[in-house]
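Visitor: For reference, the structure I am asking about is given below.
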Amino acid sequence: MSITSNQISTDITLDVSGKSSLSNISANQGNIKSHFVKAKLRDDTQAYIPPSTATGLVSFLTPNNTKVYEDVVSISGDTVTFELTESMLGTAGMGLCDISIIDNGSVLMSATVKVSIKPKAVPNDDDIVKDSDEYNVLVNALATAQEGETVRDNAESLRKSNESTRQTNEINRQQNLTTAIEAIIRADNATDNANSATDRANSATDRADDAADRANTSADRADDATSRANTAIATTEAATQKANNATDNAIDTATNLETTYSPRLGDLESDYNTHINNESPHRYGSRFEWKYNASNDSLDLVVIE
Numbered sequence: 172m173s174i175t176s177n178q179i180s181t182d183i184t185l186d187v188s189g190k191s192s193l194s195n196i197s198a199n200q201g202n203i204k205s206h207f208v209k210a211k212l213r214d215d216t217q218a219y220i221p222p223s224t225a226t227g228l229v230s231f232l233t234p235n236n237t238k239v240y241e242d243v244v245s246i247s248g249d250t251v252t253f254e255l256t257e258s259m260l261g262t263a264g265m266g267l268c269d270i271s272i273i274d275n276g277s278v279l280m281s282a283t284v285k286v287s288i289k290p291k292a293v294p295n296d297d298d299i300v301k302d303s304d305e306y307n308v309l310v311n312a313l314a315t316a317q318e319g320e321t322v323r324d325n326a327e328s329l330r331k332s333n334e335s336t337r338q339t340n341e342i343n344r345q346q347n348l349t350t351a352i353e354a355i356i357r358a359d360n361a362t363d364n365a366n367s368a369t370d371r372a373n374s375a376t377d378r379a380d381d382a383a384d385r386a387n388t389s390a391d392r393a394d395d396a397t398s399r400a401n402t403a404i405a406t407t408e409a410a411t412q413k414a415n416n417a418t419d420n421a422i423d424t425a426t427n428l429e430t431t432y433s434p435r436l437g438d439l440e441s442d443y444n445t446h447i448n449n450e451s452p453h454r455y456g457s458r459f460e461w462k463y464n465a466s467n468d469s470l471d472l473v474v475i476e
């Protein structure tokens, strides 16, 4: 809480060691939310800085022995700020103010300040009520109770809203679950159809592979037949060439023989006739002779006609 220019701020030093005398401040009776005290904490001559988890409590004893309890406004470093409330300043005279620093249920330090309350010229009729014991505590308790009721109402509204949200979410969850189940069923059916199509495709592929194998086998056989045919053609061509060569050789040989022996045929025929006519051993007189019978492969004695 920041202190505005219209509010009173009193700066004091509190010795938590208890070695120094009590601090004294002055305030006017009846001030409301206008007078604040900034107390710097010192342990002898050293600054005293409470833990960050610590809280502060102000206990005020009014001049008519009424007790007032308030929380400090803030703790910042070694400085504690608190308010001199309307209940504290309700009665003129000398009041005592204890400032306590508390952490985890333990009172870490406590120091007392004397507060001189200057009287108002005309007191209010309700000052007595406000100056009763625990007045501010009661007011704070009522405010806390009202805040608690508001919190409870808000919590109930939030609970109802959450319940409505939960029911809506449950309906959505069931709808989503139904949708998910239907999607799963459709996905399963699609998977089954895809598997069936895959099986058919695999079967077609197998048949195509078999046909390809048979075609390859036929092609291999055709290639082999072609190879054998080519070999036969080559062999035939080679044999033809050899036959042609043999024919040419025979023709050449016959030609050579004819050339060589044709002139001698006439001589042989003449010699044969001469032999037939002149070789008397083949004849017996002029009536019989020996002749070769080619049909019977025999030498026959025949009659000369």
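One rule links them: number in my numbering = place in the sequence shown (from 1) + 171.
Just so you know, even glycine gets a beta-carbon here, dropped at the ideal spot from N, CA and C.
Remember, predicted model here, so these are calculated numbers, not experimental data.
I'd like the ranges of any beta strand (DSSP E) spanning at least 3 consecutive residues and lying wholly in the region 177–232.
Guide: Listed in chain order, the complete beta strand (DSSP E) runs (minimum 3 residues) inside the region 177–232 are 179–186, 194–199, 206–214, 226–232.
Visitor: Helix, strand or coil, according to DSSP, for Ile299 in the structure here?
Guide: Confidence is the limiting factor: at Ile299 the pLDDT is only 49, short of 50, which leaves the residue's position unreliable, though a coordinate-based value still follows. Looking at Ile299 - three-state DSSP - the assignment turns out to be helix.
Visitor: I'd like to know if the region 237–255 and the region 273–280 are in contact, where contact means that at least 3 CB-CB pairs between them fall below 8 Å.
Guide: No: fewer than three Cβ pairs fall under 8 Å.
Visitor: I'd like to know whether the C-beta atoms of Leu185 and Leu228 end up nearer to each other than 8 Å.
Guide: Cβ distance not < 8 Å, so Leu185 and Leu228 don't count as in contact.
Visitor: Can you tell me whether Asp471 is helix, strand or coil according to DSSP?
Guide: Asp471 falls in the strand class under three-state DSSP.
Visitor: Could you give the distance in angstroms between the alpha-carbon of Ala326 and the alpha-carbon of Gln338?
Guide: For Ala326 and Gln338, the distance between alpha carbons rounds to 18 Å.
Visitor: Report buried or exposed for Gln200, applying the criterion of at least 16 other Cβ atoms within 10 angstroms of its Cβ.
Guide: When all chains shown are included, Gln200 counts as buried.
Visitor: Just the Cα atoms here: how many angstroms apart are Asp395 and Asp381?
Guide: Using only the alpha carbons, I get a separation of about 21 Å.
Visitor: Quickly, what does DSSP pair Thr283 with across the bridge? List them, please.
Guide: Partner(s): Asp269.
Visitor: Measure the C-alpha to C-alpha separation of Asn235 and Lys331 and round it to an integer number of angstroms.
Guide: So the two alpha carbons sit approximately 51 Å from each other.
Visitor: Can you give the Cα-Cα distance for Ala220 and Lys209, rounded to whole angstroms?
Guide: Residue 220 is actually Ile in this sequence, not Ala. Roughly 14 Å separates the two Cα atoms.
Visitor: May I ask you to report which of helix, strand or coil DSSP gives Lys291?
Guide: The answer is coil: DSSP assigns Lys291 none of H, G, I, E or B.
Visitor: Helix, strand or coil for Ser466 per DSSP?
Guide: If DSSP states are grouped into helix, strand and coil, Ser466 belongs with coil.
Visitor: Rounded to a whole number of angstroms, what is the C-alpha to C-alpha distance between Thr369 and Ala379?
Guide: Approximately 15 Å between the Cα atoms of the pair.
Visitor: Where does Thr407 fall in DSSP's three states?
Guide: Helix at Thr407.
Visitor: What three-state label does DSSP hand Thr369 in the structure shown?
Guide: If DSSP states are grouped into helix, strand and coil, Thr369 belongs with the helices.
Visitor: Quick check: what's the CA-CA separation for Ala365 versus Ala403?
Guide: Near 55 Å, if we compare the C-alpha coordinates of Ala403 and Ala365.
Visitor: Count the other CB atoms, across all protein chains shown, that sit within 10 Å of the CB of Val243; report buried if there are 16 or more and exposed otherwise.
Guide: With 16 or more Cβ atoms within 10 Å of its Cβ, Val243 is classed as buried.
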